[in-house]
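Chemist: Right, I'll just put the structure down here and ask away after.
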Amino acid sequence: MYPSIESIEKALIKAIETAVVELPSDVREYLEKAYHKEEGLAKAILKTILDNVKVASEERTPLCQDTGLLSYYVRVGTKFPYIDHIYEILRNATIRATKEIPLRPNAVNVVNNVNSGDNTGYYVPIIDIELIPNSRSLEVIVMPKGGGSESPSISKVLTPAQGIKEAMRIVIKQIAMYAINSCPPIVVGIGIGGTFDCASQLARKALLRRLGRRSSIKEIAELEVTMLNLINELGIGVQGVGGRVTALDVHIEIAHRHPATLAMALCVSCWALRRAIMKVNEDGEIKISSYSGDTI
Amino acid sequence: MRIICTPIKDDDVLSLHVGDIVYLKGKIVTARDAAHRRALEYIKSGKKLPLDLRGMAIMHAGPVAMRRNGRWEIVAIGPTSSYRMEPYEGEFIKATGIKMIIGKGMMGNKTTKACSKYKAIYAIYPGGAAAIAKKNIVRVIDVKWLDLGIPEAMWILEVNNFGPLIVMIDAYGRNYYNEIMKHIMKHTNRIINKVDKEINL
Chain A
0 MYPSIESIEK
10 ALIKAIETAV
20 VELPSDVREY
30 LEKAYHKEEG
40 LAKAILKTIL
50 DNVKVASEER
60 TPLCQDTGLL
70 SYYVRVGTKF
80 PYIDHIYEIL
90 RNATIRATKE
100 IPLRPNAVNV
110 VNNVNSGDNT
120 GYYVPIIDIE
130 LIPNSRSLEV
140 IVMPKGGGSE
150 SPSISKVLTP
160 AQGIKEAMRI
170 VIKQIAMYAI
180 NSCPPIVVGI
190 GIGGTFDCAS
200 QLARKALLRR
210 LGRRSSIKEI
220 AELEVTMLNL
230 INELGIGVQG
240 VGGRVTALDV
250 HIEIAHRHPA
260 TLAMALCVSC
270 WALRRAIMKV
280 NEDGEIKISS
290 YSGDTI
Chain B
0 MRIICTPIKD
10 DDVLSLHVGD
20 IVYLKGKIVT
30 ARDAAHRRAL
40 EYIKSGKKLP
50 LDLRGMAIMH
60 AGPVAMRRNG
70 RWEIVAIGPT
80 SSYRMEPYEG
90 EFIKATGIKM
100 IIGKGMMGNK
110 TTKACSKYKA
120 IYAIYPGGAA
130 AIAKKNIVRV
140 IDVKWLDLGI
150 PEAMWILEVN
160 NFGPLIVMID
170 AYGRNYYNEI
180 MKHIMKHTNR
190 IINKVDKEIN
200 L
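Residue numbers (numbering that gives the first Met the number 0), protein chains in the order written: chain A, 0 to 295; chain B, 0 to 200.
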């Protein structure tokens, strides 16, 4: 029997809970690697971070008190039986999850500074929808993103003559200036091309890729490795106390550009890069899991 | 493991230097943007604060809290970016007599000066380590200014071996982050120049 709207909403709440209490395995592995590379204060902090990840998952408590603004990356089949209710499902699950888990209410009205109290408001939660032709399935990736790591993020439209090199200089400058406050080791998402909003979206989506997985475009894959080395050379280190590991990985996504522009965007995540997935298969089977970049 | 108890004495403060790791036992009061703003308004207009903060530790934190069976419980707590409190902290230290500020990230010159003048320290708690921080909270003693909302209210918490707290500003005028930042800035131009050599796109 195909699941009801209520059971899909419940599954989504479960996925939100999974996202805030369980760090995806790829991120955990990279933090462990960093622990073995570091010494002194950086190592002491990484020890607390890793202990914290363990306690959060065992006791089902949010691993960071900033449970973020919720973003949903949705892939929905055009034949999904509740396609007309998709926005309602995402909104209701957000409100219920805020109360039941609970999450920190993080949606503030920019005009009067009033917190809505339920993590919903104008354009939040943030919803990105892709359609899958002729499918009955639904896939939602939940990414709760904290506020502290947003400060280095930037989007700019450069001229093609300034080129990718200038885009990369901007990335390094932003990280040097602001990453101390972004709970490093950070994960760096970069978008190049398209319009400024398209580049921003790509930079954000780049954070969904499994750590260590390189771009399928050879030149971009090489650029990712070079940038990772350059960023780590800054020596900001864990929580900014200095050290070898400033970034866990760099992911770059590209789009074709307008002949007159080269848009670029940087989106930084703190070490607590949280993601989970909820999937309703063609036959209505529901699956929920932490998300390390591979569908379930 | 070095443990400091509240109320914190000047001797404790003076025994600490940047880079030291300590743990805290006693009382922590949370205060972030709105609580700082209101406290300074109170002090300016001669109004009494709802609690005596002398010798106390404040923490820049907005917890997730829940009321269960008529009692408040902290679900998760961790530091928020402290630079947002930089405009207020110097005045706050002077007016309240707090001895320790717990947060994350950089704080600036006003705080550094106040720390050496009034004998206080700024220490960071690992950002985002909320589940483990909660384990070291014994209980919620009280909450003040709840009208500011759960994250912004002043939560008075009893803590045990709360840490690791890493001293980033000591009472001797040293600001460890400023020193690290200087180092980073020195290298940034050199690294930016490498972009030209190492990237061929």
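C-beta atoms are modelled at their ideal positions from N, C-alpha and C, and glycine is treated no differently.
What alpha helix (DSSP H) runs, 4 residues minimum, are completely inside the region 9-62 of chain A?
Modeler: If we require 4 residues or more, the alpha helix (DSSP H) runs fully inside the region 9-62 of chain A come out as 24-36 and 39-58.
Chemist: Kindly list, in the order they appear in chain B, the residues whose Cβ is closer than 7 Å to that of G120 of chain A.
Modeler: Indexing the first sequence from 1 puts residue 120 of chain A at position 121. Within 7 Å Cβ-Cβ: nothing; G120 of chain A doesn't reach chain B, min ~15 Å.
Chemist: From the DSSP secondary-structure annotation, give me the bridge partner or partners of H250 of chain A.
Modeler: Taking the first sequence and counting its residues from 1, the one referred to as residue 250 of chain A is at position 251. In DSSP, H250 of chain A forms a bridge with A:G188.
Chemist: Using only alpha-carbon positions, find the residue among A:S181, A:E252 and A:A14 that is nearest to P151 of chain A.
Modeler: For the purposes of this step, residue 151 of chain A is taken as residue 152 along the first sequence, with counting starting at 1. Of the candidates A:S181, A:E252 and A:A14, the one whose C-alpha sits nearest the C-alpha of P151 of chain A is A:S181.
Chemist: Apart from the five residues on each side of it in sequence, which residues of its chain come closer than 6 Å, Cβ to Cβ, to V137 of chain B?
Modeler: Stepping through the second sequence from its first residue, residue 137 of chain B is reached at position 138. Contacts found: E157 and N159.
Chemist: Does R168 of chain A pass the burial test, meaning 16 or more other C-beta atoms within 10 Å, or should it be called exposed?
Modeler: By 1-based counting over the first sequence, the position of residue 168 of chain A is 169. By the 10 Å Cβ count, R168 of chain A comes out buried.
Chemist: What do you reckon, are the CB atoms on L23 of chain B and A56 of chain B nearer than 8 Å?
Modeler: Reading the second sequence from its first residue, position 24 is the one you call residue 23 of chain B. Reading the second sequence from its first residue, position 57 is the one you call residue 56 of chain B. Cβ distance < 8 Å, so L23 of chain B and A56 of chain B count as in contact.
Chemist: Using the C-alpha atoms, what's the distance from K193 of chain B back to E221 of chain A?
Modeler: Taking the first sequence and counting its residues from 1, the one referred to as residue 221 of chain A is at position 222. Taking the second sequence and counting its residues from 1, the one referred to as residue 193 of chain B is at position 194. Near 15 Å, if we compare the C-alpha coordinates of K193 of chain B and E221 of chain A.
Chemist: Closest by CA to V52 of chain A, which one among A:E281, A:A271 and A:R209?
Modeler: As a working mapping, residue 52 of chain A is identified with position 53 in the first sequence. Checking every option, the nearest Cα to that of V52 of chain A belongs to A:A271.
Chemist: Please give the ranges of any beta strand (DSSP E) in the region 129-192 of chain A, keeping only runs that are unbroken, at least 3 residues long and fully inside the region.
Modeler: Runs found: 137-144, 153-157 and 185-191.
Chemist: Taking a Cβ distance cut-off of 8 Å, strictly less, list which residues of the region 92-110 of chain A are near chain B, in chain order.
Modeler: Those would be P101, L102, R103 and P104, in chain order.
Chemist: Any chance the region 139-156 of chain B sits against the region 51-65 of chain B, with 3 or more Cβ pairs inside 8 Å?
Modeler: Touching, yes, given that three or more Cβ pairs across the two stretches are closer than 8 Å.
Chemist: From I140 of chain B to F161 of chain B, what does the alpha carbon distance come to, in whole angstroms?
Modeler: Stepping through the second sequence from its first residue, residue 140 of chain B is reached at position 141. Stepping through the second sequence from its first residue, residue 161 of chain B is reached at position 162. I140 of chain B and F161 of chain B: Cα-Cα distance of roughly 16 Å.
Chemist: Please report the distance separating the alpha-carbon of V156 of chain A from that of A262 of chain A.
Modeler: By 1-based counting over the first sequence, the position of residue 156 of chain A is 157. By 1-based counting over the first sequence, the position of residue 262 of chain A is 263. Near 4 Å, if we compare the C-alpha coordinates of A262 of chain A and V156 of chain A.
Chemist: Quick one: which residues of the region 205-239 of chain A get their C-beta closer than 7 Å to a C-beta of chain B? List them in chain order.
Modeler: If the cut-off is 7 Å between Cβ atoms, the region 205-239 of chain A has E218, L222, T225, L229, E232, L233, G234, I235, Q238 and G239 near chain B.
Chemist: Quick one: grab the DSSP three-state call for L200 of chain B.
Modeler: Walking along the second sequence from the start, residue 200 of chain B turns up at place 201. Residue state, collapsed to three classes: coil.
Chemist: Check each residue of the region 56-70 of chain A: if its Cβ is closer than 8 Å to any Cβ of chain B, include it; give the result in chain order.
Modeler: Correct list: E58, T60, P61, L62, C63, Q64, D65 and T66.
Chemist: Can the beta-carbon of T47 of chain A be found less than 8 Å from the beta-carbon of I3 of chain B?
Modeler: As a first step, residue 47 of chain A is located in the first sequence; it is residue number 48 there, counting from the start. As a first step, residue 3 of chain B is located in the second sequence; it is residue number 4 there, counting from the start. No, the pair does not count as a contact, with Cβ atoms beyond the cut-off.
Chemist: List the residues of chain A whose Cβ lies closer than 9 Å to the Cβ of A30 of chain B, in chain order.
Modeler: Taking the second sequence and counting its residues from 1, one reaches residue 30 of chain B at position 31. What A30 of chain B touches in chain A: nothing, since even the nearest Cβ is about 15 Å away.
Chemist: What residues in its chain sit with their C-beta under 7 Å from that of L130 of chain A, if we drop five residues either side in the sequence?
Modeler: Residue mapping note: residue 130 of chain A aligns to position 131 of the first sequence, counting from 1. Answer for L130 of chain A: V75 and T77, listed in chain order.
Chemist: Between E90 of chain B and G107 of chain B, which are expected to be in contact by the criterion C-beta below 8 Å, what is the C-beta distance as a whole number of angstroms?
Modeler: If you number the second sequence from 1, residue 90 of chain B lands on position 91. If you number the second sequence from 1, residue 107 of chain B lands on position 108. Wrong, their Cβ atoms sit about 13 Å apart, outside the cutoff.
Chemist: Name, in chain order, the residues that DSSP records as bridge partners for I319 of chain A.
Modeler: Any answer about residue 319 of chain A is impossible in this case: the structure gives chain A only from 0 up to 295.
Chemist: Per DSSP, which one or two residues make a beta bridge with C266 of chain A?
Modeler: Translated into the one-based positions of the first sequence, residue 266 of chain A becomes position 267. Per DSSP, A:G188.
Chemist: For N114 of chain A, return the contacting residues in chain B, with the cut-off set at a CB-CB distance below 7 Å.
Modeler: Looking up residue 114 of chain A in the first sequence gives position 115. Ordered by position in chain B, the residues that pass the 7 Å Cβ test against N114 of chain A are G148.
Chemist: Pull up the distance between the alpha-carbon of E284 of chain A and that of I4 of chain A, whole angstroms please.
Modeler: In the first sequence, residue 284 of chain A corresponds to position 285, counting from 1. In the first sequence, residue 4 of chain A corresponds to position 5, counting from 1. Going by the C-alpha atoms only, they are around 13 Å apart.
Chemist: Quick check on V240 of chain A: does DSSP put it in helix, strand or coil?
Modeler: Numbered from 1 along the first sequence, position 241 holds the residue referred to as residue 240 of chain A. Three-state DSSP puts V240 of chain A in coil, outside helix and strand.
Chemist: Does any C-beta atom of chain B lie closer than 8 Å to the C-beta of K155 of chain A?
Modeler: In the first sequence, the residue the question calls residue 155 of chain A occupies position 156. K155 of chain A does not count as touching chain B.
Chemist: On the three-pair Cβ rule with 8 Å, is the region 29-46 of chain A touching the region 79-99 of chain A?
Modeler: The answer is no - the region 79-99 of chain A does not touch the region 29-46 of chain A, with fewer than three Cβ pairs under 8 Å.
Chemist: Counting along the chain, where does the beta strand (DSSP E) carrying D141 of chain B start and finish?
Modeler: Stepping through the second sequence from its first residue, residue 141 of chain B is reached at position 142. Per DSSP, D141 of chain B belongs to the beta strand (DSSP E) from I136 to K143.
Chemist: At a CB distance below 7 Å, what residues from the region 151-172 of chain B approach chain A? Give them in sequence order.
Modeler: Cβ contacts with chain A come from P163 and I165.
Chemist: Applying the 10 Å Cβ sphere with the 16-neighbour rule, what's the burial state of Y121 of chain B?
Modeler: In the second sequence, the residue the question calls residue 121 of chain B occupies position 122. So Y121 of chain B counts as buried.
Chemist: In chain order, what residues of the region 94-114 of chain B put their CB closer than 8 Å to some CB of chain A?
Modeler: Flagged, chain order: K103, G104 and M105.
Chemist: Can you name, in chain order, every residue of its own chain whose Cβ lies under 6 Å from the Cβ of A41 of chain A, other than the five neighbours on each side?
Modeler: The residue given as residue 41 of chain A occupies position 42 in the first sequence. Excluding sequence neighbours, A41 of chain A sits near G236, V237, V240 and G242.
Chemist: Can you look up I191 of chain B in the DSSP assignment and give me helix, strand or coil?
Modeler: Taking the first residue of the second sequence as 1, we reach residue 191 of chain B at position 192. Three-state result, I191 of chain B: helix.
Chemist: Spell out the partners DSSP gives C4 of chain B in its beta bridges.
Modeler: On the second sequence, position 5 is the one that residue 4 of chain B refers to. C4 of chain B pairs with B:K24.
Chemist: At 9 Å on the CB atoms, spell out the chain B contacts of A163 of chain A, in chain order.
Modeler: Position 164 of the first sequence, counted from the start, is the residue given in the question as residue 163 of chain A. This sequence places Ile at residue 163 of chain A; Ala is not what is there. Here the neighbours are I198 and L200.
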